[in-house]
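Taken in order, the sequence shown gives residues 0 to 218; the numbers are from numbering that gives the first Met the number 0. A short write-up of the structure that comes next.
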Amino acid sequence: MTLKEIKVNKPKSNFLLQLKHGIKKPLCILNEKMLDDALTEEQKNAIKEIPFLLNKEKVTMFYPGSGIDLLFPILYLNKITDAKDITIIFADQNIESETIISLMMQLTGIHAYKKKQNKIIFKFKTKKITLIIQKENVFAKLPEEILEGYDFYFERAFDLFRSSAPDFIKKAIALLNENGFLITDKKITHKYLKQISTREELKVLGFYDELGIYEKVTK
Ligand SMILES: C[S@@+](CC[C@H](N)C(=O)[O-])C[C@H]1O[C@@H](n2cnc3c(N)ncnc32)[C@H](O)[C@@H]1O
């Protein structure tokens, strides 16, 4: 499965966006058309089948080994939760944060970010999305932002890597909030994970094997 070739539009000037959204709060707006153009018809239909999972005001997603797979987590989040305030932590030890940020800007038409903190904040539909991008070995160090708990774990083609560090997934599941979700393209068994049934169509949304969604239930 590959994404269709993406045409990149020239981003609007920073000044114009700031005028539109107020100088104090220059939130950028994700170019929905570019996102739409990146998907095949089959994928667009499959998006409608993504189940709603979590009703919460503010959520955090952790995506270890993200590579440059930037759009799928955003598409998922738009369907699986009604949260208005979303943080996604992309962590990959081999990719410069700057590369991911620049690609994200090209894909979405957004063009401003807080460079110091490797953070991009933008608006998608009615949601505020904060991307935190880290060049880290997640087996050695988990992101600080999930240490107090988080709502979604997302991975794709990462099981081969994490199987060399089995403690990593145990820790990631331990930190996942009760009734939080793990979304993966590999079957996973764990005493606290309960699989949610999903439709076959969802596989076209970037998953190499099969899509598994699991809810963390400890009681
Ligand atoms: C097969 S790629 C998958 C990338 C992306 N998830 C996708 O589906 O397109 C696996 C990624 O995991 C990253 N990776 C492997 N071990 C890692 C580690 N310990 N910490 C962070 N990233 C890691 C690699 O750099 C690589 O980009």
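We treat Cβ as the ideally placed atom computed from N, Cα and C, and that holds for glycine. Nothing here was measured: the structure is a model prediction, and the numbers come from that model.
Can you determine whether any heavy atom of ligand 1 sits closer than 7 Å to the C-beta of glutamine 42, and answer yes or no? The answer is no for glutamine 42.
Which of the three DSSP states is assigned to glutamine 92 in this structure? In this structure, glutamine 92 counts as coil in the three-state DSSP scheme.
Taking its Cβ as the centre, do 16 or more other Cβ atoms sit within 10 Å of serine 65, making it buried, or is it exposed? With 16 or more other Cβ atoms inside 10 Å of its own Cβ, serine 65 counts as buried.
For the region 119-134 and the region 82-93, state whether three or more C-beta atom pairs, one from each stretch, are separated by less than 8 Å. Yes: at least three Cβ pairs fall under 8 Å.
Sequence-distant residues of the same chain with beta carbon closer than 7 Å to lysine 24, five excluded per side: Note on lysine 24: pLDDT 39, under 50, position unreliable in the model; no value is reported.
At the level of alpha carbons, what is the spacing between phenylalanine 180 and leucine 74? When rounded, the distance between both Cα atoms is 16 Å.
Near isoleucine 120, which residues of its chain fall below 6 Å by C-beta distance, leaving aside the five closest residues on each side in sequence? Answer for isoleucine 120: Thr129, listed in chain order.
Using the Cβ count rule (16 or more neighbours within 10 Å means buried), how would you classify phenylalanine 51? That one is exposed.
For phenylalanine 167, which residues from the same chain have a beta carbon less than 7 Å from its beta carbon, with the 5 sequence-adjacent residues on both sides left out? Counting only Cβ-Cβ distances below 7 Å, and skipping sequence neighbours, we find Val137, Phe138, Arg161.
For proline 165, three-class secondary structure by DSSP: Correct three-state label for proline 165: helix.
Go ahead and pull the three-state DSSP assignment for proline 72. If DSSP states are grouped into helix, strand and coil, proline 72 belongs with the helices.
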